[in-house]
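Trainee: Quick one: the structure is below, and I'll ask about it shortly.
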Amino acid sequence: MKTLALRSLSVFFAAMLALAPLAALAEHPDEERTALEDRSTSFQAVTGPVTEDVPGGTLLIAAYLAIWAATMLYLLRLARLGKRIDADLNALKESLPAEDSGALRGNDV
Amino acid sequence: MIFFSAWLLSSALLLTSLYMVFFVAPVEVQMGIVQKIFYFHVPSAFAMYLGWGVTAAATLIYLARRPKWADALAVAAAEVGMLFCALVLITGPLWARKAWGVYWTWDPRLTSTLAAGMIYLSYLSLRSFGEAGEAEKLFASALALFGIPILFIVHYSVEKWRGAHPTVIREGGGGLAPEMVPPFLISIGALVVLAIVLIYTRYRLERRRQEVDELYARAHELELLQDEL
Numbered sequence: 141m142k143t144l145a146l147r148s149l150s151v152f153f154a155a156m157l158a159l160a161p162l163a164a165l166a167e168h169p170d171e172e173r174t175a176l177e178d179r180s181t182s183f184q185a186v187t188g189p190v191t192e193d194v195p196g197g198t199l200l201i202a203a204y205l206a207i208w209a210a211t212m213l214y215l216l217r218l219a220r221l222g223k224r225i226d227a228d229l230n231a232l233k234e235s236l237p238a239e240d241s242g243a244l245r246g247n248d249v
Numbered sequence: 008m009i010f011f012s013a014w015l016l017s018s019a020l021l022l023t024s025l026y027m028v029f030f031v032a033p034v035e036v037q038m039g040i041v042q043k044i045f046y047f048h049v050p051s052a053f054a055m056y057l058g059w060g061v062t063a064a065a066t067l068i069y070l071a072r073r074p075k076w077a078d079a080l081a082v083a084a085a086e087v088g089m090l091f092c093a094l095v096l097i098t099g100p101l102w103a104r105k106a107w108g109v110y111w112t113w114d115p116r117l118t119s120t121l122a123a124g125m126i127y128l129s130y131l132s133l134r135s136f137g138e139a140g141e142a143e144k145l146f147a148s149a150l151a152l153f154g155i156p157i158l159f160i161v162h163y164s165v166e167k168w169r170g171a172h173p174t175v176i177r178e179g180g181g182g183l184a185p186e187m188v189p190p191f192l193i194s195i196g197a198l199v200v201l202a203i204v205l206i207y208t209r210y211r212l213e214r215r216r217q218e219v220d221e222l223y224a225r226a227h228e229l230e231l232l233q234d235e236l
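Take a look at the structure:
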């Protein structure tokens, strides 16, 4: 079951990897455009709410909040991972005979 | 002690860079205040290269000699590289919304960065299966190696295929105003040191996790965990 899931996931990721660069081909290179295609040929009225002119300050704050939030979340993940590993390690060392758990203590970094 | 000092240095550099970016660096004449995203966007990309570069080197060592430390280092660095890739892919579109009017465009650099992120996300997904066997490790290593050329494509895509991505600090670019250089250098230092400290912290955890795996295997041999299974 685990192998099937692993293979399915691998195929899924391989397909995504293969398809990702194709998206770049969807855009025509600049040199193929004529000067006429580069300029506006008509003006159309906005159909939805006007969403232009996002203030730069808002974007800047959003970017810095994202940086700090991502870093803090990663540090939290490391702390939780460390606690889980310590708990597993202590439980295993207690359940194993002293010579078995002691022999592996040399692996500590 | 060294570990604690490294964290202290990293925190001090981050605080200094924040001060420099917001109080010393001037506002850019055309883009305005949103240009200050640059001071963390570009250093995040450097930290991403560092993380995945270390992954590539550690993977090569692991494939050649199979030391467990190299495997642990590859996983740790890939994870930290992924964190910084996420930061690049979050901060970039926020800047682009102001500069280009859209959050995303299929520019060669943006596309290749996204592809690289997907490759290393695949690598981390494969490695996230508990107690990865040798087959999973080898397949994941191949993915990590596949990521090496993509990193070069990310780096040189701006020169080769142009696109809309700025080329300010590259050859042919206009460069930075002199007042912008110190905040930029401090930011690079801050995020690179943070990346190194994070990689080392995650590496230590991965080594301990390897020890847990060994103890589990030993407990299975002695049939001590029979009741739990």
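Quick mapping for you: the protein sequence lines, in order, are chains U and B. Throughout, this note's numbering is defined as the position within the first sequence, counted from one, plus 140. Throughout, this note's numbering is defined as the position within the second sequence, counted from one, plus 7. For each residue, glycine too, the CB sits at the ideal point set by N, CA and C.
1) Could you tell me whether the Cβ atoms of L205/B and V49/B are closer together than 8 Å?
2) Check the Cβ of K233/U against every Cβ in chain B and list those closer than 8 Å, keeping chain order.
3) Using beta-carbon positions only, say whether S24/B and S132/B come within less than 8 Å of one another.
4) Between the stretch 72-90 of chain B and the stretch 99-119 of chain B, do three or more beta carbon pairs fall short of 8 Å?
5) Give me the residue from R209/B, R211/B, A149/B and A123/B with the minimum Cα distance to Y69/B.
6) Residues of chain B with a CB under 8 Å from the CB of L229/U: which are they?
7) Taking Cβ-Cβ distances shorter than 8 Å, what residues in chain B pair up with V236/U?
8) Given this structure, state the Cα-to-Cα distance separating Y130/B from Y223/B, to the nearest angstrom.
9) Based on the DSSP output, what are the partners of G39/B in its beta bridges?
10) Less than 8 Å between the CB atoms is what I'm expecting for A197/B and L67/B, so what's the real figure, rounded?
11) Can you look up R72/B in the DSSP assignment and give me helix, strand or coil?
12) Under three-state DSSP, which class holds N247/U?
13) So is W59/B buried or exposed if we call it buried at 16+ other beta carbons inside 10 Å?
14) So, are the CB atoms of L236/U and A226/B less than 8 Å apart?
15) Considering Cα atoms alone, identify which of R216/B, V199/B, E221/B and L121/B is closest to E16/B.
16) Which stretch, first to last residue, makes up the alpha helix (DSSP H) that contains P156/B?
17) Taking the C-alpha atoms as reference points, what is the distance between Y56/B and I126/B?
18) So that I know if they touch, is there some Cβ in chain U lying closer than 8 Å to that of R209/B?
19) Can you tell me whether M27/B is buried or exposed, with buried defined as 16 or more other CB within 10 angstroms of its CB?
20) Indicate whether at least one CB of chain U lies closer than 8 Å to the CB of T98/B.
21) With burial defined as no fewer than 16 other Cβ atoms inside 10 Å of the residue's Cβ, what is the status of R134/B: buried or exposed?
22) Suppose the cutoff is 7 Å on Cβ atoms and the five residues either side in sequence are ignored; what does the same chain contact list for I44/B look like?
23) Using only the alpha-carbon positions, how far apart do E141/B and A77/B sit?
Mentor: If we stick to the structure as given:
1) For L205/B and V49/B, no; Cβs fall outside 8 Å.
2) For K233/U, the chain B residues whose Cβ falls inside 8 Å of its Cβ are L222, in order along the chain.
3) Not in contact: S24/B and S132/B (Cβ atoms no closer than 8 Å).
4) Verdict: no, contact absent.
5) Out of R209/B, R211/B, A149/B and A123/B, A149/B has the C-alpha closest to the C-alpha of Y69/B.
6) Ordered by position in chain B, the residues that pass the 8 Å Cβ test against L229/U are R215, E218, V219 and L222.
7) Per the sequence presented here, residue 236/U reads as Leu, with Val not at that position. What L236/U touches in chain B: L222, R225, A226, L229 and L231.
8) Those two C-alpha atoms are separated by around 24 Å.
9) G39/B pairs with E35/B.
10) A Cβ-Cβ distance of about 29 Å is found for the pair A197/B and L67/B, leaving them out of contact under the 8 Å criterion.
11) R72/B falls in the helix class under three-state DSSP.
12) In this prediction, N247/U scores a pLDDT of 46, lower than 50, which makes its location untrustworthy; the coordinate-derived value is nonetheless stated afterwards. Here DSSP, grouped into helix, strand and coil, assigns N247/U to helix.
13) Buried, because 16 or more other Cβ atoms sit within 10 Å of the Cβ of W59/B.
14) One thing to note: L236/U has its Cβ within 8 Å of the Cβ of A226/B.
15) The sequence given here has Leu at residue 16/B, not Glu. Between L16/B and the set R216/B, V199/B, E221/B and L121/B, the nearest pair of CA atoms involves V199/B.
16) The continuous alpha helix (DSSP H) containing P156/B extends over residues E141 to W168.
17) Each residue's Cα considered, the two are about 14 Å apart.
18) For R209/B, the answer is yes, since a Cβ of chain U falls inside 8 Å of its Cβ.
19) Per the 10 Å Cβ criterion, buried.
20) Yes, T98/B lies at the interface with chain U (some Cβ there is under 8 Å from its Cβ).
21) Buried, since its Cβ has 16 or more Cβ neighbours within 10 Å.
22) Excluding positions up to five away in sequence, the list reads T98, L101 and W102.
23) One C-alpha to the other measures close to 14 Å.
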